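Number of protein chains: 2
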Amino acid sequence: MTGAVPWGVTVTADGQNTAGGDDAALEAIRERIDDLDQRIMQLISERAACAQEVARIKREADPAATFYRPEREAQVLRRIHGGNPGPLDREEMTRLFREIMSACLALEQPLSVAFLGPEGTFTQAAALKHFGHSVQTVAMSAIDEVFREVESGSVQYGVVPVENSTEGVVTHTLDRFMQSPLHICGEVEMRIHHHLLGQDADGGQILRVYSHQQSLAQCREWLDARLPQAERLPVSSNAEAARRAAGEAGAAAIASEAAAELYGLQVLAANIEDSPDNTTRFLVIGRQPSGPSGQDKTSLLVSARNRPGSLHGLLSPFAENDVSMTRIESRPSQCVNWEYVFFIDLEGHAQEPRVARALEALRREAELVKVLGSYPKAVL
Amino acid sequence: MTGAVPWGVTVTADGQNTAGGDDAALEAIRERIDDLDQRIMQLISERAACAQEVARIKREADPAATFYRPEREAQVLRRIHGGNPGPLDREEMTRLFREIMSACLALEQPLSVAFLGPEGTFTQAAALKHFGHSVQTVAMSAIDEVFREVESGSVQYGVVPVENSTEGVVTHTLDRFMQSPLHICGEVEMRIHHHLLGQDADGGQILRVYSHQQSLAQCREWLDARLPQAERLPVSSNAEAARRAAGEAGAAAIASEAAAELYGLQVLAANIEDSPDNTTRFLVIGRQPSGPSGQDKTSLLVSARNRPGSLHGLLSPFAENDVSMTRIESRPSQCVNWEYVFFIDLEGHAQEPRVARALEALRREAELVKVLGSYPKAVL
């Protein structure tokens, strides 16, 4: 506590008692900052006026035009990310421009974005990371509801987890794409953390660790080193794991900080995931496709004929056309006609000639090829 | 779904088919936006370099100097708020500058801010609203822990609810100030919403509505109009209300969206609070006091002698010195010597002469006067 006089009035601790020379130097820099702020505000205002003008021209050509263009936004952010002179981190500068663009867009066309709730989840954080804080986010209680809200037009976009390493929802999202006319128009990546939660921070032997299978796998090395004797018990979700740990002596859970609060558990050890790059990937879904941005990905749903060598036949058009696949995932088909369905991510936009050629060749091999979307790669 | 060709490759819906004149006009505006972005980035970078220079000068004078100055930040934001030329809302422009300042400060001195958790609460949102998104927020499970984290120096600042209309935590926060050396160095206001939650969206008679006393009071008119027959049952918290509603037929709860998700309830009616301005107020607490910003508030803790007319005697120095009180709250003292303790908010900084005079007069009347802090009024 600094500078409290007897009757409690306090004097400032900062800047009031330094030498005169420093004060003058600080004052000069503050004036310079104030001047910079005025100029920044002026330029941001000009930018917003330009965005209004773009909207006016587009609206004249098509009264129902949408102004959010994922490919254009990705290009702007990449230019900022690549051209940032410092001293701010390029991530910070890119984040600031995300917010500036978000504010300019909201002026013309406020966006509503549905996400897998509740409030405060990683999916909401992903939606705000992608769209900035000038959009309205709307919590849905299931992935299916996010799709329906976008399909019905109640909201313009949705954000759903697709490779969620803790809850295994990837299958719900991918399955839902089989019957949806929506397009993938963006991806977002978020880092996630796991914690060891228990009832008693002072120790007490931990005999069992509950968690979702994938979380247990992601913390395997830590568990081997620190709790080699504890039994590892996979359960349906990390929230369920925390619930059990709260009710059983000798039990702990691997789960989030929110789960600790919810079930009154202590964080016994924080950030125990083996890989420092433990990320979860989300997809942005909308009714309009995204144009090419120069650095894009394409996601496909492909059904294979059930015959020997079919997977090899499916994949060869990619290699032949020099198209890299970044992910392939097989799922049992929900339709009796096909034996298997594959979800494939590849590099490039479906409008690029080499990708278009590969897709054309793929169509000759596969029962069905559905392009779920071509979209800009995540900038951050 | 637009423009899907048979094998699923999609064509862009946007900008590709408009007339040549529009395209040229749009291209010209986009080039102008790109140019503005480069200049904005340049100026933000210069601003960050200035912030580094301020930090260097301060650090030379005092190696342990803190660079976050609430009063300076409030002054900058007020200038932006008042000088914004449009077309962006002044709220949006101010929010953008909050983020720019947050990023510049984080470059020199990353801030950690403790809040009443878990993640995703209003208190976290308040912390991010006040400090911007470049700070690290740390969830605590109790108000007392937030105070202790700041007192111990583990984090620089804390954010606690002080007038929380739903959970009644105001008393915990105020009581904790009685024994804390911390200063209030800011305030944040957030709008909050109440929802009617139940098990069955299709109806079924609602016989009982559970909620915290204050939430029931805040939704009284809505309940009178829509559920006049239902019994209103106050419980300890809105989360407890949701828990009960999930387990009893014919029961509903007034609580947040997060509680709906948590207990698997449906939102039967959203935003049922009677007042559209249902705000919750939070305080920012830290170890250093804040200097005058020109538009400040001061919060006091005052103990009264137990004698007739003591309250009137206490308050007269304010009127005599033309100091407005914005709030007064009486609490039973936790110390046997005093009968009552009052928490008083008033307009002005304790360093302003008229406030200093009023406080001096107050000291002659009261057993104890403790200035909890003078701090800038919330800008937004």
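For the protein sequence lines, the chains are W and Y, in the order given.
For the first sequence, counting from 1, position 70 maps to 70 in the UniProt record's numbering; every step adds exactly one.
For the second sequence, counting from 1, position 114 maps to 114 in the UniProt record's numbering; every step adds exactly one.
Ideal Cβ placement from N, Cα and C applies to all residues, glycine included.
The structure displayed is predicted, hence computed values, not measured ones.
query                                                                                                                        : result
Members of the region 171 to 202 of chain Y near chain W, C-beta cut-off 9 Å                                                 : Pro181, Leu182, His183
Sub-9 Å separation of Lys297 (chain Y) and Leu346 (chain Y) beta-carbons                                                     : yes
Any 3 or more C-beta pairs closer than 8 Å across the region 84 to 103 of chain W and the region 127 to 136 of chain W       : yes
Contact with chain W by Ser45 (chain Y), beta-carbon distance below 9 Å                                                      : yes
Test: Glu99 (chain W) CB closer than 9 Å to a CB of chain Y                                                                  : yes
Straight-line Cα distance separating Glu365 (chain W) from Val341 (chain W)                                                  : 13 Å
Three-state secondary structure (DSSP) of Phe297 (chain Y)                                                                   : Here the sequence assigns Lys to residue 297 (chain Y), which means Phe is not the residue at that position. Strand.
For His195 (chain Y), three-class secondary structure by DSSP                                                                : strand
DSSP beta-bridge partners of Ser303 (chain Y)                                                                                : Y:Val341, Y:Leu368
Amino acids of chain W, ordered along the chain, whose beta-carbon sits closer than 7 Å to that of Arg32 (chain Y)           : Cys50
Short Cβ contact (9 Å threshold) for Arg287 (chain Y) with Glu187 (chain Y)                                                  : no
Pick from Y:Trp222, Y:Ser45, Y:Leu362, Y:Ile40 that is closest to Asp274 (chain Y), judged by C-alpha positions              : Y:Trp222
Of the listed residues Y:Ala49, Y:Leu301, Y:His312, nearest to Ala177 (chain Y) (C-alpha basis)                              : According to the sequence as given, residue 177 (chain Y) is Phe; it is not Ala. Taking only the C-alpha atoms, the option nearest Phe177 (chain Y) is Y:Leu301.
Glu273 (chain Y) at chain W interface by Cβ criterion, 9 Å                                                                   : no
Three or more C-beta pairs below 8 Å linking the region 103 to 119 of chain W and the region 49 to 56 of chain W             : yes
Contact set for Asp73 (chain W): own chain, Cβ-Cβ below 7 Å, skip 5 residues either direction                                : The question names Asp, but residue 73 (chain W) in the sequence shown is Glu. The residues are Met101.
Continuous alpha helix (DSSP H) stretch holding Thr137 (chain W): start and end                                              : First-last for Thr137 (chain W): 136 to 140, but that is the beta strand (DSSP E), not the alpha helix (DSSP H).
Inter-residue Cα distance where the pair is Ala361 (chain W) and Pro317 (chain W)                                            : 6 Å
Rounded Cβ spacing between Ser303 (chain Y) and Leu368 (chain Y) (contact assumed at less than 8 Å)                          : 4 Å
Assigned exposure category for Pro289 (chain W) - 16 Cβ within 10 Å defines buried                                           : buried
9 Å Cβ cutoff met for Gln295 (chain W) and Pro228 (chain W)                                                                  : no
Classification of Asp200 (chain W) by the beta-carbon crowding that lies within 10 angstroms, buried from 16 upward          : exposed
Selection of the UniProt domain "ACT" (299 to 376) of chain Y by Cβ proximity to chain W, strictly under 9 Å                 : Leu300, Leu301, Ala350, Gln351, Val355, Ala356, Leu359, Glu360, Leu362, Arg363, Leu368, Val369, Lys370, Val371, Leu372, Gly373, Ser374
Closer than 7 Å at the beta carbon, the chain W residues around Ala55 (chain Y)                                              : The contacting residues do not exist; Ala55 (chain Y) stays about 10 Å from chain W at best.
Residue range of the unbroken beta strand (DSSP E) whose run includes Val146 (chain Y)                                       : Note, Val146 (chain Y): premise wrong, no beta strand (DSSP E); alpha helix (DSSP H) at 143 to 151.
Whole-angstrom distance between Ala253 (chain W) and Ser112 (chain Y), CA atom to CA atom                                    : 27 Å
In chain order, each beta strand (DSSP E) run of at least 3 residues that lies wholly inside the region 68 to 135 of chain W : 112 to 116
Min CB distance residue 385 (chain Y) to chain W below 9 Å                                                                   : No statement about residue 385 (chain Y) is possible, as the shown extent of chain Y runs from 1 to 380 and does not include it.
Under 7 Å by beta carbon: chain W residues contacting Leu107 (chain Y)                                                       : Pro87, Leu88
Asp62 (chain Y) burial status per 10 Å Cβ neighbour count (16 or more: buried)                                               : exposed
Neighbouring residues, chain W, relative to Ile285 (chain Y) (Cβ below 8 Å)                                                  : The contacting residues do not exist; Ile285 (chain Y) stays about 12 Å from chain W at best.
Cβ neighbour criterion (16 or more within 10 Å) applied to Ala125 (chain Y)                                                  : buried
Beta-carbon gap between Ser180 (chain W) and Ile344 (chain W) smaller than 9 Å                                               : no
Nearest-angstrom Cβ-Cβ length linking Tyr263 (chain W) and Leu233 (chain W), presumed shorter than 8 Å                       : Contact flag wrong, Cβ pair sits at about 16 Å.
Gln266 (chain Y): first and last residue of the uninterrupted beta strand (DSSP E) it sits in                                : 266 to 269
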